[in-house]
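Peer 1:
Protein chains in written order, with my numbering: chain D, 136 to 399; chain Z, 64 to 404; chain U, 15 to 401.
This is the structure:
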């Protein structure tokens, strides 16, 4: 039987998609007036950890890599009942792709201590790559199970249901392991007033690259094998091109255009 | 992997997806694209297929769609999907053979094992690519993907690290059949590549949630009043299946009970955001079109030239839907199965 | 643009944010359905339990947050923004729990308050009867001593959460001839022998709140269920209502704010005669009056709540004022909101008709607004007696 479980939950602060707009000229996201929220499925990940804590002795550690303002996301997580929070923040972390991100997260988790379980949301609303969870597992030398929508702690293992693209598979995993969860797994709980009050005065350590023992080449843009060449916004102007001729001609013309557009 | 010089990495790979005895169509789409990229790079393309019960016909199909070589990785332990095992094998193979580019399906499986492969190899991975092209001056792969649920597009490159890994969703690339002239290899997996603490107890097949399919579909075909007869819906549904799309409807159709309520697109229904939406006999009333705001390419087919739908269409065809549908169906069938239009 | 600043502390701000989050994320999406089906909002009660809001007024040593009337009002105002049927269900538990906080023995507090504070058991308050509404002294439910038990007989009417709550503060007659000292408060639990419930009432509004008769047929409860002292029943009831009335005012403020927001939003996008209707003076004046009344109601409720928390004595008058004013404002504002939305306001597809239907009860329950005026009038009479 598990004694005290140490569970790490990785969260990300993302722009609230309701307030996001794009500049058609530069193809960049307009940052003014954009509100930030915790990536919604990360709340499901946190809820998964808290549900385990409801039933077993556990310590839930929440961490995020982000700018100093990401601290509010961590306090929100503490308000839901997480035990400890850690902010990984350093100018050098900026521009990181998923490979560089997982280096930072893994270093932080190792610094916190030995984890029995790591839980992540399956993807974020901004990047939506779904890469951080499984990548992080490799760095922590853990097995990963992605797209989990039910998780149960057994005496010596974890039983979970995961989506595999054709249905569900029931999987048995020994700990330590990393799970990425999908929104249907649970409904995140409301914050509690007591936890909110504790969170207000909680000490949240801020760790830089130096604190994590990472060099400049391992993090941020420098540590990322991929880089963005350019970004663009597609404007959907109604072209209103009428395809003339008899039915055969019209269909042929349509197919030609759809093939050219890459949708057929 | 930073050790080996970039130029030592050659070849374009496509990872197939094999499930329940079937080679998934995305595999053919990826190997076709891989072949296109390999031709531009003047190198070879290899299809990798991992699974259990891999028949010769499966490997042959991959050759037919462009592979110069098929690496058939057959083992009982691969009968069920476990991302740690699949990643271990793929990473191992990549280390041995050193391809410069690897395409994998952006399916639940691909998205679960590729990030592991990426991290094992300390290289770049771009998920959900909508476009891939070669920058000929330096053989670098330009990877185009969308972010923010499709509102925003990014071109990414992985200039130094190798291999350049990407995942591609089904129904994005086009499968092209050619002459099957390649070779099939059977890879013997080292035992330790199969070790895993994950045990799959059972696997249950399920059809995807239909309402979710509609709102997530990349291709949506909408049935409007102009369809006229209920029987004509069959053709539309067939076309949707061929195109890997979902079927939506206007209120007129759902009120008649010809299609379930959840297919209703509009103010009191759902909003769809596909790349392609073709409306059949839809007039374009505001209550309906508000659900089509986010469509990238809208094709309107209606016999009434004054129908409001034409105002917001990319392409308009003024014709009887029931004349167009069968012709369109034929053309798409031809394209799907032969790569020609 | 400056809004009136009430100088909330950080903790008070947290309560506002938390209650508002629940209102927007949990109550708003389901309020129309709850109004239609009259189902009891168990899911939302669970969310409220999780949030610790049930324990706002309960002392910390019994599992609560140890705050007062003002904080309770802040929470009620935000929840009311979502739906006052749901909010009344939440508030009713405070109505049943507050007497225990004020008059309960140490043992009773330990036995009941932790569950009430955690929301794991709901409480309710039972005073009203068929023949005793405003005339509370006319209650007929009796409690008679019988060895180690009290035996209750009678019927309570229109009790909020009757049937769903598990802990009931019941006011019953013990000495009819003693007038004001003739009643006693008791703690009755669901499941006590001889305690049953009538059918659920069908109401004009407040439909997410469950209202039933409570029937006592030789209901036997142990002696230690007496709350406070024998004969203190009416005092307990009055003191409880004094504390609770500003809360009803707060509910009125929240409801009014919701109605105003709907009305302004509508007026800003409805075009008639080639203009947005908010540019018409008739509409602007209505909205201006609505907004001003709401702010005045809010200010009064807050000021009264803070006064109560400062341990003021004889709070009956000010408590009645907060309830009276804010609930009359709510009725006017919600009616005007329907008027501004016009035909759409009358349709169930839009939220304001429910708000107007809901508002009416605020002028009736926890003491009708006529009784509130009595209280204020009588108090003025006393205050000015030395002039």
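Where a beta carbon is used, it is the ideal one built from N, C-alpha and C, also for glycine.
Given the structure is predicted, the values throughout are model-derived calculations rather than measurements.
1) Would you kindly report the start and end of the unbroken alpha helix (DSSP H) that includes residue 391(U)?
2) Kindly indicate the opening and closing residues of the alpha helix (DSSP H) around residue 73(Z).
3) Quick one: does residue 373(D) have its CB under 8 angstroms from some CB of chain Z?
4) Residues of the region 321-350 of chain D with a CB closer than 7 angstroms to any CB of chain U: list them in chain order, please.
5) Spatial neighbours of residue 158(D) within its chain, please: C-beta separation below 6 angstroms, excluding the five flanking residues on both sides.
6) Considering only DSSP beta bridges, list what residue 218(Z) is partnered with.
7) Does the CB of residue 27(U) have a neighbour CB from chain D at under 8 angstroms?
8) I'd like the span of the alpha helix (DSSP H) that includes residue 238(D), first residue to last.
9) Would residue 78(U) and residue 32(U) qualify as a contact pair, given that the criterion is a beta-carbon distance under 8 angstroms?
10) Between the region 195-229 of chain D and chain Z, which residues of the former have CB atoms less than 8 angstroms from a CB of the latter, in chain order?
11) Quick one, which of 305(D), 299(D), 342(D), 282(D) has its alpha-carbon nearest residue 262(Z)'s?
12) Which one of 328(U), 375(U), 344(U), 355(U) has the shortest CA to CA distance from residue 389(U)?
13) Taking the continuous alpha helix (DSSP H) assigned at residue 215(D), which residues delimit it?
14) To test your reading of the DSSP string, which unbroken beta strand (DSSP E) runs of 3 or more residues are found completely within the region 288-376 of chain Z?
15) Over the uninterrupted beta strand (DSSP E) stretch that includes residue 7(U), give me the two end residues.
16) Using beta carbons (cut-off 8 angstroms, strictly below), is residue 134(U) in contact with chain D?
17) Keeping to the same chain, check which residues put their C-beta closer than 7 angstroms to that of residue 318(U); ignore five residues upstream and five downstream.
18) For residue 307(D), which residues from the same chain have a beta carbon less than 7 angstroms from its beta carbon, with the 5 sequence-adjacent residues on both sides left out?
19) Whether or not the region 159-171 of chain Z and the region 214-229 of chain Z are in contact is what I'm after, with contact meaning three or more pairs of Cβ atoms, one per stretch, closer than 8 angstroms; do they touch?
20) Residues in the same chain with beta-carbon distance under 8 angstroms from residue 278(U), minus the five sequence neighbours each way, listed in chain order, please.
21) Got a sec? Which residues, its chain only, sit under 7 angstroms from residue 183(D) by beta carbon, not counting five neighbours each side?
22) In this structure, does DSSP put residue 323(U) in helix, strand or coil?
23) Going by C-alpha distance, which of 284(U), 62(U), 75(U) is nearest residue 41(U)?
24) Have a look at residue 158(U) and residue 271(U) and give me their C-alpha separation to the nearest angstrom.
25) Contact check, residue 103(U) vs residue 90(U) under 8 angstroms by CB: the rounded distance?
26) Does any CB atom of chain D fall closer than 8 angstroms to the CB of residue 362(U)?
27) Mind listing which residues of the region 283-294 of chain D have their C-beta closer than 7 angstroms to chain Z's C-betas, in chain order?
28) Given that a residue counts as buried once 16 or more other Cβ atoms are within 10 Å of its Cβ, and exposed if not, what is residue 28(U)?
29) Check whether the Cβ of residue 314(D) lies closer than 8 angstroms to any Cβ atom in chain Z.
30) In terms of residue numbering, what span does the beta strand (DSSP E) encompassing residue 95(Z) cover?
31) Can you list, in chain order, the residues of its chain whose CB lies under 6 angstroms from that of residue 144(U), leaving out five sequence neighbours each side?
32) Starting from residue 269(D), trace the beta strand (DSSP E) in both directions and tell me its first and last residue.
33) In terms of residues, what are the limits of the beta strand (DSSP E) holding residue 32(U)?
34) Can you confirm whether residue 352(Z), when its beta carbon is compared against all beta carbons of chain D, has any partner nearer than 8 angstroms?
35) Is the CB of residue 191(D) under 8 angstroms away from at least one CB in chain Z?
36) Beta-carbon within less than 7 angstroms of residue 253(U)'s beta-carbon, same chain only, minus the 5 sequence neighbours each way: which residues are those?
Peer 2: According to the structure data:
1) 383-397
2) Neither: residue 73(Z) is in no alpha helix (DSSP H) and is coded neither H nor E.
3) yes
4) 324, 325, 326, 327, 328, 329, 331, 332, 335
5) 165
6) 365(D), 207(Z)
7) no
8) 233-247
9) no
10) none
11) 305(D)
12) 328(U)
13) 206-215
14) 309-312, 339-343, 360-365
15) In the structure as shown, chain U starts at 15 and stops at 401, and residue 7(U) therefore has no counterpart that could be examined.
16) no
17) 260, 332, 333, 335, 336
18) 292, 294
19) yes
20) 292, 301
21) 254, 286, 316, 320, 321
22) helix
23) 62(U)
24) 47 angstroms
25) Not a contact, Cβ separation roughly 12 angstroms.
26) no
27) none
28) buried
29) no
30) That residue, residue 95(Z), is in no beta strand (DSSP E); its alpha helix (DSSP H) goes 88-104.
31) 171
32) Careful: residue 269(D) lies outside any beta strand (DSSP E), inside the alpha helix (DSSP H) at 267-274.
33) Segment 24-36 is the alpha helix (DSSP H) holding residue 32(U); no beta strand (DSSP E) there.
34) no
35) no
36) 116
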